[in-house]
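Colleague:
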Amino acid sequence: MKFAKQLSLRSIPKWADDYINYKELKGKIKEQSAPTKVESFYAEKENEAKAKLTELQNRLWRKKIPSNVIPQPENIGNVHDCELSVYDSLDVNIFPWGAISRFWVTISEDGMGGPIKVPVIGVKQGPTVGITAALHGNELNGIPLIHRLFTEIKCSDLHGIVVAVPIANVPGYLCSQRGFSDGSDLNRLMPGKKNGTAAQVYAYHFMKRIVSKFNYLIDLHTASKGRMNSLYVRADMLDPLIIVHNKSPDGSLRGAAIQLGIPSITVEIGDPSKFQKRFVKNALIGVSNILCNLKMIPQEPDLPDFDPVVCARSYWIFSECGGILSVIPDVNTWVKRGEVIAFIHSVFGNLEKTYYAPEDGIIIGKSADPVCSTGSRVLHLGVVESEYARKTDDGHL
């Protein structure tokens, strides 16, 4: 009955009460006028209580035992990575019909003179949709999205070419960092330079050898380190093919692709340095819907349960002092003008600054890092309006 003693009094059922009463009354049984009947009654209760407690114990214990169902890992192909072909440039004509191809494309050379290669996955044939992930090396949610997309694609039903680069920034990925090996932000160096820094040369060849071969581009990102994101899309609403309005910043992959006449969007999928299944699943539905709308796969688009919020503009609110930051509203929630959105306290606990929502909007992202310096990001606010600005700057990095 050791197990019964570990249960709180609130969780002890009536049959256990009977058993406890029996233990208390057991010493008084000899005083009863009919001891045999009393003992028989409580002995029956004891056996019943023991059986039920044992059943409860076994049931709770089983919950701790791993399921007998072992999940099977998804697998795109059986060829080892080191056996894959290496090319100097993406050529969609090398893809076999009705099959998934995996290969490397050389982008640059490292300090040992060896090639820096990016992995590429492709399916033929038709208009080419390019999907890139991990252009910032620690923004990882796009990688499992690409893997799942290629496990679900039916090659026989595909009317087009899907080319995916699961790791665009290989040096940054290997260092588990956002930037290139020298710390540069590749998403501010596009389209790069043929004769420039190592990061500029990498960006140049990435554009020339891979991205320039696309007809459409979906660039997958996450929040930066120390921040939290909702699942949202950044694109130019002045282009009637696109849904969410945000002009691409100078040097971005999306902006460079648009300059080449390639319609492009950026998808922000949650937080950095982790895989988030819920965000990946929802973003995968969105990417599949794009393929549906381009008539590349025969199925009907998977309509969401509710319409997405379309923000005409958005911007970050920055801190005016340093200290310990507390951001109040959750991501993907609405705030009213004048509502408290953040506090900054000193290291001694004194309230230094209170931040209020400057206007009505929705929280797209926010800082998750309590250590706050002057000029740090506090909150990313999206604003819904009837018209879209021709020039926007959301302060996104």
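First residue of the sequence shown? That's 1 in UniProt numbering, and the numbers climb one at a time after it.
Where is the CB? At the ideal position from N, CA and C, for every residue including glycine.
Just the Cα atoms here: how many angstroms apart are Ile258 and Ser346?
Modeller: Computed Cα separation, rounded: 45 Å.
Colleague: Please return the same chain residues whose Cβ sits closer than 6 Å to the Cβ of Gly160, not counting the five positions on each side in sequence.
Modeller: Contacts found: Gly126, Pro127, Met296.
Colleague: Under three-state DSSP, which class holds Ala164?
Modeller: strand
Colleague: Do Trp104 and Ala84 count as a contact pair if the criterion is CB distance below 7 Å?
Modeller: Per the sequence presented here, residue 84 reads as Leu, with Ala not at that position. Result yes, Cβ atoms of Leu84 and Trp104 sit closer than 7 Å.
Colleague: Run through DSSP, which three-state label would Lys208 get?
Modeller: In this structure, Lys208 counts as helix in the three-state DSSP scheme.
Colleague: Name, in chain order, the residues that DSSP records as bridge partners for Arg377.
Modeller: Phe318
Colleague: Rounded to the nearest angstrom, what separates Ser264 and Glu109 at their Cα positions?
Modeller: 28 Å
Colleague: Can you check which of these residues, Cys292, Ala368, His205, is closest to Ile328 by C-alpha distance?
Modeller: Ala368
Colleague: Please classify Asp157: does DSSP put it in a helix, a strand, or coil?
Modeller: helix
Colleague: In its own chain, which residues sit with a C-beta less than 7 Å from the C-beta of Ser212, not counting the 5 before and 5 after it?
Modeller: Counting only Cβ-Cβ distances below 7 Å, and skipping sequence neighbours, we find Leu260.
Colleague: What is the DSSP secondary structure of Thr106, counted as helix, strand or coil?
Modeller: strand
Colleague: Going by the DSSP bridge assignment, what does Leu351 pair with across the sheet?
Modeller: Partner(s): His345.
Colleague: Determine the closest residue to Tyr216 out of Ala256, Arg178, Gln177, with distance taken between C-alpha atoms.
Modeller: Ala256
Colleague: Rank Gly349, Glu352, Val331, Pro358 by C-alpha distance to the C-alpha of Val340 and give the top, closest one.
Modeller: Pro358
Colleague: How far does the alpha helix (DSSP H) with Ala256 in it reach, from first residue to last?
Modeller: 253-259
Colleague: Suppose you measure from the CA of Arg178 to the CA of Arg254; what does that come to, to the nearest Å?
Modeller: 17 Å
Colleague: In terms of residues, what are the limits of the beta strand (DSSP E) holding Ala133?
Modeller: 128-133
Colleague: Below 8 Å CB to CB, which residues in the same chain sit around Asp91 once its five sequence neighbours on both sides are set aside?
Modeller: The beta carbon of Asp91 lies closer than 8 Å to those of Lys213 in the same chain, with the five residues before and after it left out.
Colleague: State yes or no: is the beta carbon of Ile167 nearer than 7 Å to at least one beta carbon in chain C?
Modeller: Included in the structure is just one protein chain, with no chain C present.
Colleague: Could you please give the first and the last residue of the uninterrupted alpha helix (DSSP H) stretch that includes Lys277?
Modeller: 277-293
Colleague: Would you mind sorting Ser319 into buried or exposed? The rule is 16 or more other CB atoms within 10 Å of its CB.
Modeller: buried
Colleague: Beta strand (DSSP E) containing Val92: first to last residue?
Modeller: Per DSSP, Val92 belongs to no beta strand (DSSP E) and is neither H nor E.
Colleague: At the level of alpha carbons, what is the spacing between Ile121 and Val163?
Modeller: Cα-Cα distance, rounded: 6 Å.
Colleague: Sort out for me which residues DSSP pairs Pro119 with in a bridge.
Modeller: In the DSSP output, where bridge partners are listed per residue, Pro119 has Trp104.
Colleague: Output the boundary residues of the beta strand (DSSP E) element that contains Val327.
Modeller: 323-327
Colleague: DSSP three-state label for Lys213, please.
Modeller: helix
Colleague: With DSSP as the reference, label Ile362 as helix, strand or coil.
Modeller: In this structure, Ile362 counts as strand in the three-state DSSP scheme.
Colleague: Can you tell me whether Arg188 is helix, strand or coil according to DSSP?
Modeller: helix
Colleague: Three-state secondary structure (DSSP) at Arg148?
Modeller: Three-state DSSP puts Arg148 in a helix.
Colleague: What's the gap between the Cα of Asn138 and the Cα of Ser176?
Modeller: 5 Å
Colleague: For Lys154, which option in Ser326, Gly130, Cys292, Ser89 has the closest C-alpha, if you only look at C-alpha atoms?
Modeller: Cys292
Colleague: Following the continuous alpha helix (DSSP H) through Pro171, name the residue where it begins and the one where it ends.
Modeller: In this chain, the alpha helix (DSSP H) harbouring Pro171 covers 170-174.
Colleague: Just the C-alpha distance for Phe95 and Arg102, rounded to the nearest angstrom, thanks.
Modeller: 9 Å
Colleague: Tell me whether the beta-carbon of Leu135 lies closer than 7 Å to the beta-carbon of Ala99.
Modeller: Not in contact: Leu135 and Ala99 (Cβ atoms no closer than 7 Å).
Colleague: Less than 7 Å between the beta carbons of Leu381 and Gly361, yes or no?
Modeller: yes
Colleague: Suppose the cutoff is 6 Å on Cβ atoms and the five residues either side in sequence are ignored; what does the same chain contact list for Thr326 look like?
Modeller: Residue 326 is actually Ser in this sequence, not Thr. Contacts found: Phe343.
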